Amino acid sequence: MANKTLTITLNKGDAAKIDALFQGIIDGLADMTPFWDAVEMHMIDSLTKNFEEEGRPKKWEPLSEWTIEEKGSSVILQDDGHLKASVNASNTERSGDTLDIWAGEVHGLFHQYVDVEPSAQHGMMNKNRKHPMPMRPFMPFQDEDLDAIEEIGLNYLKEISGG
């Protein structure tokens, strides 16, 4: 990350300024809700972009011809929009210094984590399916997300320190 700094200038005799600065930081760190709100919104936007680009940084495996014929579309993971829409603020949880974001649709687990063989699909897919369903992770962090979260953190520190 380049040129992202927090600068605080203090002079001798600035005891009141130093006290106010540190008290602002202490108070701001006691309730980091604004920081977590900004991170949450950034990540939801980023995960939504994964659907729009059909995979990032690596594109998802294309649908098989059989699947395209069955569903009548080559759009991946967005037939009804429920999976994409389920990645939202109601499906997040904060605990201490942790933010969990998940998809509210159970079938998302298959796409995110599992190369699913037809025999292991437990009725999730059409019984006539003859080919495995490849994994299509839709919830990865991008390198740019880490940079953005760092920027959000620096901006929050500037705000709470009066900088």
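Going letter by letter, the sequence shown gives residues 77 to 239 in our numbering. Every residue, glycine too, gets a C-beta built ideally from N, C-alpha and C. Small disclaimer: the values here were computed from a predicted structure and weren't measured.
Coarse secondary structure for residue i, derived from DSSP in three states
i	result
S122	helix
T174	strand
H183	coil
F127	helix
G100	helix
N231	helix
I144	helix
K160	helix
Minimum C-alpha distance to residue i - residue among the options
i	options	result
F127	I236, R212, G229, D173	R212
Q188	G172, E235, I152, K93	I152
H158	L175, V182, L233	V182
K160	D221, K125, I236	K125
Q218	I120, M108, T109, P133	P133
D221	A114, T85, E145	A114
A76	G104, I120, E145, E130	Examination of residue 76 is not possible in this model, given that the chain is present from 77 through 239 alone.
E130	I144, E116, S150, E145	S150
Cβ-Cβ distance between residue i and residue j below 8 Å
i	j	result
S162	G180	yes
G89	G238	no
W178	N167	yes
I228	H118	yes
L291	W112	The structure shown does not extend to residue 291, since the chain is modelled only from 77 through 239, so no value can be given for it.
Residues bridged to residue i (per DSSP)
i	result
T168	I177
Whole-Å CB distance - residue i paired with residue j, under 8 Å assumed
i	j	result
E137	P216	Actually they are not in contact, since the Cβ atoms of E137 and P216 sit about 15 Å apart, beyond 8 Å.
L123	F214	7 Å
Closer than 7 Å: residue i CB and nearest the ligand FMN heavy atom
i	result
K135	Among the ligands in the structure shown, none appear at all, so the ligand FMN cannot be discussed.
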